[in-house]
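The structure appears right after this line, and notes come after that.
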Amino acid sequence: DDVYQYHLPPVRRIPPLLWTRIRNDLPNYLSEREADGVNVMNWYHRQFRDTAKERYFKNMNMAIYFHSMIADYYLGIWGGKPKPFKYTEIQRHRFGLTDKEGIADRKVPIQPLVFINKEGKVTRYNLRKVSVDISSGLPSRILLENPKS
1 DDVYQYHLPP VRRIPPLLWT RIRNDLPNYL SEREADGVNV MNWYHRQFRD
51 TAKERYFKNM NMAIYFHSMI ADYYLGIWGG KPKPFKYTEI QRHRFGLTDK
101 EGIADRKVPI QPLVFINKEG KVTRYNLRKV SVDISSGLPS RILLENPKS
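All the letters of the sequence shown, read from the start, carry residue numbers 1 to 149 under the numbering used here.
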């Protein structure tokens, strides 16, 4: 919420320049590796992961909430659709907003089961989506989406 304390952007995403600055400020603390055929970023030191777990997963409700948010992303729930959000009190005061909530399309990409190139050939499977679907108890939905697999 602090990212949007001075303006209301047309797209509610972390600004690319801010993400670049964060990455440049933390090079010794982040590592990139391959997982499921794509590069992913993670904390370099275990202490960061442990601290994040302690802070954000203090109880089961928080763990379920964050897992659900990540699962929604990989399931493509908000791909191409507006997502509801709540304005902070500071935003409401600063921008003279009367509504407590809003909706915005964050331009989150749709998560297909397979990625296809321009020639129509499968380039790779979205293994992250498959693993989230299975961990969410949805393997039958995967088979229904693509019965040839």
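Glycine included, C-beta positions come from ideal geometry on N, C-alpha and C.
Practice task
With a threshold of 16 other CB atoms inside 10 Å of the CB of Ser140, please say whether the residue is buried or exposed.
Solution key: With a pLDDT of only 43 at Ser140, under 50, the local geometry of the prediction cannot be trusted, and the value read off the model is given with reservation. That one is exposed.
Exercise for the section: Run through the stretch 45 to 103 for me and flag every whole beta strand (DSSP E) of 3 or more residues, listed as ranges in chain order. Expected result: 82 to 86
Practice task
Determine, using beta carbons only, whether Tyr125 comes closer than 8 Å to chain C.
Solution key: Of the chains in the structure shown, none is chain C; there is only one protein chain.
Exercise for the section: Please report the Cβ distance between Gly102 and Phe85, rounded to the nearest whole angstrom; I am assuming they are in contact, meaning their Cβ atoms lie under 8 Å. Expected result: 6 Å
Practice task
Please look up how many angstroms separate the CB atoms of Ala104 and Pro82, rounded, as I've assumed it's under 8 Å.
Solution key: 6 Å
Exercise for the section: Following the continuous alpha helix (DSSP H) through Asn24, name the residue where it begins and the one where it ends. Expected result: 16 to 25
Practice task
Locate the beta strand (DSSP E) running through Leu113, then write down its first and last residues.
Solution key: From DSSP, Leu113 is part of no beta strand (DSSP E); its letter is neither H nor E.
Exercise for the section: Could you tell me which residues DSSP pairs with Ser31 in its beta bridges? Expected result: DSSP, once it has assigned bridges, lists Asn42 as partnering Ser31.
Handout entry: Span of the beta strand (DSSP E) around Arg124
Key = 122 to 125
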